[in-house]
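Let me begin by presenting the structure, written as structure tokens, before commenting on it.
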Amino acid sequence: MQGQITSTNTSVSTLSQTVDSLSSTISNVQTTYLKKADASTTYATSSTVSTLSQTLSGLSSTVTSVQSTVSSQGSTISSHTSSISSLTSSIALKLDSTTFNSYKTTNDTNITSINNKLNSHSSSITVLQDSITAKLHKLKLIML
């Protein structure tokens with residue numbers, strides 16, 4: 105993208121130099137003709153010079169417009185480049201789906217294992233509670 109901007113800037117500079125050169129040539133031609141020509145030739149030449157001056161003015165406006173457009177696009181490209189760099193950094197900080205899925209699977213497995221152990225311990229506690237209750241009941245009967 106930067107190469108295209110440089111190329112466009114070079115083209116604009118070349119156009120500007122061409123316009124300056126044409127302006128100088130027109131001025132030289134006008135001076136030469138005014139010195140050598142008769143009145144009718146001078147009028148025709150003057151008309152041609154006027155037409156060329158108008159064309160030159162139009163080219164100058166076009167070059168100015170192109171320079172403005174290139175400058176604006178350069179600013180836009182710089183802004184986009186900055187945004188892309190920022191987004192690239194943000195993307196690099198994100199957790200990829202493979203790593204996430206690996207952690208999720210490991211955590212799901214651990215949770216299932218813990219739940220199974222809790223259920224087993226809960227069952228053991230219930231059995232022990234029933235055993236203690238039965239022993240206390242027996243002890244009460246013995247003491248009576």
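Heads up: take any position in the sequence shown, counting from 1, add 104, and you land on my numbering.
Glycine is no exception: its CB is placed at the ideal position from the N, C-alpha and C atoms.
For clarity, every value in this text was computed on a predicted model and none was experimentally measured.
Could you check whether residue j and residue i sit closer than 8 Å to each other, using their CB atoms as the reference points?
i	j	result
Ser-201	Val-167	no
Ile-130	Leu-163	no
Gln-171	Val-153	no
Leu-160	Ser-127	yes
Val-174	Thr-112	yes
Alpha helix (DSSP H) containing residue i: first to last residue?
i	result
Leu-243	201 to 247
Looking at the ligand MN, does it come within less than 7 Å of residue i, judged from the CB to the closest heavy atom?
i	result
Val-133	Within the structure as shown, the ligand MN is missing, as the structure has no ligands at all.
Within a Cβ cutoff of 8 Å, which residues of the same chain sit near residue i, ignoring the five residues on either side of it in sequence?
i	result
Val-123	Leu-160, Leu-163, Ser-164 and Val-167
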